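>
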Amino acid sequence: MNRLKQTLKKCVAFGVTGIMLILAGCKSPAGFVSNDNEEYNARMEEARTTPFGAYPETIEYTLGKMTSVNNSNMPENDTYTDNAYTRYIKSVINVQNVDVFEANDSQYDTNVSMVISMGSLPDIMVVSSQDEVEQLVEAGLIEDLTESYNNCISDRIRKMYESYGDSLKDMVTYDGKIMALPETNITDGPNLVWLRKDWMDKLGLSEPHTIDDVVNIVKHFISEDPGNNGVDASGKPNTVGLAVDTDVTGECGYSSEFLLDIIFACFGAYPKQWIMNDDGEIVYGSVTNEAKEALSYISSLYNQGVIDNDFLLRTSTNICELIENGLCGSFFGPWWAPNNPLANAVSRNPDADWQPYLIATDSDGTTSYHSQNPCYKYVVVRKGYEHPEIAAKMISVMFDKVRFDCTDSEEFKNYYQLNVEPTARPLSINVDYNNALSICYRNIDATISGRKNPDSLELLERSFYDACSEYIKNANKTSTQWAAYMSRIKACSLIAQDNIKVVDSLYFKTTDTMKSHWWRLKAKEKEAYLKIISGEEDISYFDRFVKEWNEQGGQTITSEVSESMK
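Shown next, in the form of C-alpha cells:
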C-alpha cells in the first residue's frame, strides 16, 4: 500500500509532467533490434497479427491499474506488476505492464478522469463507463481497435462476445470502428429469496412459491421469534423483516443484494430499465402504472413491518451485520449471496441453514426478470500507441489460455483457493459467455454425479468442483466450501430451470439530454420511491413525481431513446 500511495502522490504532485516522464521511459523496449533482421520482422509481424504470437523482445506498456484492498488477496510478495497473471502473460506473448498509477474504487476513477482531462493517457487502461469512452472518442485520444479485434481476439473469445448478440460490439462501435474492447456481464438470472430454513422448520412453515408465501414466512419470523432474539425496551421485536437497500431496485441488472426487483416484477414493473410496453412503445420502467401498483403494495409491506422499518437508516455493511448476527432471516439476493454475506453468517453460526428459493412472478407459475447491461467496463488504448493489439492479445491470454490451458497450474489453483480478486489481472475485467453461469453449473453438476470426468473441466470450473466435492464428503466442511456448493449448485440449479422468462432491457447508452439532466432525474426518482414506501407520501404522490419527471427532461429523454432504437 505504501508504494501505491507514493505512486498516486507522485502522479498528483507532478501532474502532466510526472505522468509524461513515466510514459516517456516506457515507449520502446530496451535493446531494440534492427528492422533489417528478417527473422525478427517475421516474429514481430506474427505477434502483431495473432492472438498468441510472442514478441521477439519484451514489450513494456504503461498501464492505469485498477486495484483492490488487501493487495487483491494475492500471495505475499506478489504485486500488480509481478504475479501469476503477469508472469504467465509474459511467458506467452512477452509483454509487461509498467503501472503509471495504481488505485482502487473511486480513487481509480478520479485518476482516470485526471489523465483524460490532461489528454495524457497511459498506453492502456480500463474505463468504467460508456460516457468516458464517448469522451475519449470525441477528443481523439484513443486508438481504433478494429484491426486488433479482427486479428488478435482468439476464436473462443470471439464466440464469448458473440453470445451477447450485437449488443457488445454496438456499445463500442463508433462510425463503424471498434474503439474499445468490452468486458462482459454474464446473465445472473432472477434474484432469489434467501431464508433461514432452520427457522422455517422450527415453525413448521413450508417453502415459498409466491410473494404471498414469502410475506407469510417473514411475518412468522418476526412474531414468533424462532431466532430467540427477544424484544427491545419498547417491546419491539429485535428480529427485523426483509432486509432492503435504499436503492430499492437494481439499475443495470439483478446482480445486487437486498433489492425488491422481484416484487416489482410480480406487477409487471421493471424500474430503472428501458423496456417495451404492451403497445410496442419504449418506456422508462420507473414511471409506469405497473410501478405505481408495485409501490403501493411495497408500502403496505413496510406498514406491516414485513420490510425492515429501519431500512432508510441502513448501510449495506449494517445489513450484513444483521444477517451475520442472526437478527434477520430473509432477503432477496442473487445466486452469489452465499459468498457475501452468508459465508460469514454460517461461519459464526454453523446451525444457520440459509436456503434459496425461486419465487413465481406470473400467474402461470413462471418467473420474469429483466436482462442486464452486457458491459460495465471498457479497455481503451492511447491514440498513437505502437502496439494497440496488446490489449486484445492479453484478453485472449487471460480468458482463453489461462482458463482452458492452465487446468494443471498449481499457481492458478492456489489463486482460486486464496480467492484472489480479478483486480490482480493487468486488465481488471472479465470476459465470458453470456450463459457462463449455466454452463459452469451443468458441468460441475455432471462431474459430481459421475457423468463427466473432472479432468475435462476448465480451471474455474475445476476449482469450484473441488470445493463442492469437499463440501459433500467432508463432515467438517468450511464456510467457504458451503458457499461454493450453495451458490454454484443449489442456487444455480434454481435459475437453470425452464420456467424463467427474460424481459429485455433495451437501452444502456447516454442520450444528449441525459448528459445534463439524468443525475437530477435519478435523484428525484429515488426520493419519490423512498417517500412512498416509507409512508411519508401516499401513493398519489407518484402521479406528481411522474409529471415532474416528464417536464424536467424525462419526456425528451424518452423520445431520444425511442428515436435511437429505430
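Counting with mature numbering (1 follows the signal peptide of the UniProt record, and there is no 0), you get residues -24 to -1, 1 to 542 for the letters of the sequence shown. For glycine and all other residues, C-beta sits at the position ideal for the given N, C-alpha and C. Quick caveat, the model's predicted, so the values are computed rather than measured.
1. Please state whether the Cβ-Cβ distance between L497 and G529 is less than 9 angstroms.
2. Between N70 and the rest of its own chain, which residues show a CB-CB distance below 6 angstroms, the 5 nearest in sequence each way excluded?
3. With DSSP collapsed to three states, give me the class of G261.
4. Is the CB-CB distance between S439 and Y409 below 9 angstroms?
5. Taking the alpha helix (DSSP H) that A319 belongs to, which residues open and close that run?
6. In terms of DSSP beta bridges, what is C304 paired with?
7. Using a threshold of 9 angstroms, state whether the C-beta atoms of P364 and S96 are closer than that.
8. Just the Cα atoms here: how many angstroms apart are S469 and A18?
9. Is it true that the CB of P202 sits closer than 9 angstroms to the CB of T337?
10. Give the straight-line distance between the Cα atoms of S538 and M252, rounded to the nearest whole angstrom.
11. Return the first residue and the last residue of the alpha helix (DSSP H) that L168 is part of.
12. Per DSSP, what kind of secondary structure is K477 in: helix, strand or coil?
13. Taking only the alpha-carbon atoms, compute the straight-line gap between D488 and L433 and give it to the nearest angstrom.
14. Any heavy atom of the ligand SAM closer than 8 angstroms to the beta-carbon of T186?
15. Over the uninterrupted alpha helix (DSSP H) stretch that includes F38, give me the two end residues.
16. Can you say whether L(-2) is buried or exposed, counting buried as having 16 or more other CB atoms within 10 angstroms of its CB?
17. Taking all protein chains shown into account, do 16 or more other C-beta atoms lie within 10 angstroms of the C-beta of M155, making it buried, or fewer, making it exposed?
18. Which residues in the same chain as V259 place their Cβ atom closer than 6 angstroms to its Cβ, once the five residues preceding and following it in sequence are excluded?
19. Taking 9 angstroms as the CB-CB cut-off, is G95 touching chain D?
20. What did DSSP end up calling V113 once you bin it into helix, strand or coil?
21. Nearest CA to the CA of P314: which residue from L168, N390, V148?
22. Could you tell me which uninterrupted alpha helix (DSSP H) segments, each at least 4 residues in length, are contained entirely in the stretch 371 to 421, listed from first to last along the chain?
23. To which residues of the same chain is A412 closer than 6 angstroms at the C-beta, ignoring the five residues directly before and after it?
24. Can you list, in chain order, the residues of its chain with a C-beta nearer than 8 angstroms to that of F380? Leave out the 5 residues immediately preceding and following it.
25. Where do the ends of the beta strand (DSSP E) carrying H346 lie?
26. Please name the residue, chosen from Y354, K466, N13, that lies closest to G88 on a Cα-to-Cα basis.
27. Using only alpha-carbon positions, find the residue among P184, G302, K369, D223 that is nearest to L121.
28. Would you identify the three-state DSSP class for E503, choosing helix, strand or coil?
29. Considering just the uninterrupted stretch of the beta strand (DSSP E) at N73, what are its terminal residues?
30. What did DSSP end up calling K153 once you bin it into helix, strand or coil?
31. If you count every other CB in all the chains shown that lies within 10 Å of the CB of L218, and 16 or more means buried, which is it?
32. Is Y137 near V407, with beta carbons less than 9 angstroms apart?
33. Can you give the Cα-Cα distance for N80 and S535, rounded to whole angstroms?
34. In the DSSP output, which residue or residues are listed as bridge partners for V102?
35. Taking the beta carbon of V45 as the centre, do at least 16 other beta carbons fall within 10 Å, making it buried, or is it exposed?
Walking through what the data contain:
1. Taking the first residue of the sequence shown as position 1, residue 497 is located at position 521. Taking the first residue of the sequence shown as position 1, residue 529 is located at position 553. It is a contact, given that the beta carbons lie within the stated cut-off.
2. Taking the sequence shown and counting its residues from 1, the one referred to as residue 70 is at position 94. Around N70: A30, Y31, T34.
3. Along the sequence shown, read from residue 1 onward, the residue named residue 261 stands at position 285. In this structure, G261 counts as helix in the three-state DSSP scheme.
4. Along the sequence shown, read from residue 1 onward, the residue named residue 439 stands at position 463. Along the sequence shown, read from residue 1 onward, the residue named residue 409 stands at position 433. No; because the gap between Cβ atoms is not below 9 angstroms, this pair is not in contact.
5. To locate residue 319, count along the sequence shown from 1; it is residue 343. First-last of the alpha helix (DSSP H) with A319: 319 to 324.
6. Taking the sequence shown and counting its residues from 1, the one referred to as residue 304 is at position 328. Beta-bridge pairing links C304 to V216.
7. To locate residue 364, count along the sequence shown from 1; it is residue 388. To locate residue 96, count along the sequence shown from 1; it is residue 120. Against a cut-off of 9 angstroms, the Cβ pair of S96 and P364 comes out as no contact.
8. For this step, residue 469 is matched to residue 493 along the sequence shown. For this step, residue 18 is matched to residue 42 along the sequence shown. If you take the alpha carbons of S469 and A18, they lie about 50 angstroms apart.
9. What you label residue 337 is simply residue 361 of the sequence shown in a count that begins at 1. What you label residue 202 is simply residue 226 of the sequence shown in a count that begins at 1. Their beta carbons are not under 9 angstroms apart, which means T337 does not touch P202 by this criterion.
10. Residue mapping note: residue 538 aligns to position 562 of the sequence shown, counting from 1. Residue mapping note: residue 252 aligns to position 276 of the sequence shown, counting from 1. Answer to the nearest angstrom: the Cα atoms are 10 angstroms apart.
11. Within the sequence shown, numbered from 1, the residue matching residue 168 stands at position 192. Counting along the chain, L168 falls outside any alpha helix (DSSP H), though it belongs to the beta strand (DSSP E) covering 168 to 172.
12. Here residue 477 corresponds to residue number 501 of the sequence shown, with the count starting at 1. The answer is strand: DSSP assigns K477 an E or B state.
13. Looking up residue 488 in the sequence shown gives position 512. Looking up residue 433 in the sequence shown gives position 457. Distance between the alpha carbons of D488 and L433 is about 46 angstroms.
14. Looking at this structure, you won't find the ligand SAM or any other ligand, since it has none at all.
15. Counting from one through the sequence shown, the residue named residue 38 turns up at place 62. It should be noted that the sequence gives Thr, not Phe, for residue 38. From DSSP, T38 is part of no alpha helix (DSSP H) but of the beta strand (DSSP E) over 35 to 42.
16. One-based indexing of the sequence shown puts residue -2 at position 23. The predicted position of L(-2) is uncertain, since its pLDDT is 47 and thus under 50; no value can be drawn from it.
17. Position 179 of the sequence shown, counting from 1, holds the residue named residue 155. Classification of M155: buried, given that the 10 Å Cβ count is 16 or more.
18. Looking up residue 259 in the sequence shown gives position 283. Answer for V259: N253, listed in chain order.
19. The structure shown contains no chain D; it is built from a single protein chain.
20. In the sequence shown, the residue the question calls residue 113 occupies position 137. Helix, per DSSP.
21. For the purposes of this step, residue 314 is taken as the residue at position 338 of the sequence shown. Looking at the Cα atoms, L168 is the closest of the given residues.
22. 378 to 381, 386 to 393
23. Within the sequence shown, numbered from 1, the residue matching residue 412 stands at position 436. So the list reads I162, once near-sequence residues are dropped.
24. For the purposes of this step, residue 380 is taken as the residue at position 404 of the sequence shown. R132, E434, L435.
25. Along the sequence shown, read from residue 1 onward, the residue named residue 346 stands at position 370. That run of the beta strand (DSSP E) goes 343 to 346.
26. Residue 88 sits at position 112 when you count from the first residue of the sequence shown. The residue you asked about is not Gly; residue 88 is Val in the sequence shown. V88 has its Cα closest to that of Y354, out of Y354, K466, N13.
27. Numbered from 1 along the sequence shown, position 145 holds the residue referred to as residue 121. Per the Cα distances, K369.
28. Counting from one through the sequence shown, the residue named residue 503 turns up at place 527. Helix.
29. Walking along the sequence shown from the start, residue 73 turns up at place 97. Where N73 is concerned, the enclosing beta strand (DSSP E) stretches over 71 to 79.
30. Here residue 153 is taken as the residue at index 177 of the sequence shown, counted from 1. Correct three-state label for K153: strand.
31. To locate residue 218, count along the sequence shown from 1; it is residue 242. Buried, by the Cβ-count rule.
32. For the purposes of this step, residue 137 is identified with residue 161 of the sequence shown, where counting begins at 1. For the purposes of this step, residue 407 is identified with residue 431 of the sequence shown, where counting begins at 1. A contact, by the Cβ cut-off of 9 angstroms.
33. The residue given as residue 80 occupies position 104 in the sequence shown. The residue given as residue 535 occupies position 559 in the sequence shown. Taking the straight line from one Cα to the other gives about 37 angstroms.
34. As a working note, residue 102 is residue 126 in the sequence shown. According to DSSP, V102 bridges with V355.
35. For the purposes of this step, residue 45 is taken as residue 69 along the sequence shown, with counting starting at 1. Classification of V45: exposed, given that the 10 Å Cβ count is below 16.
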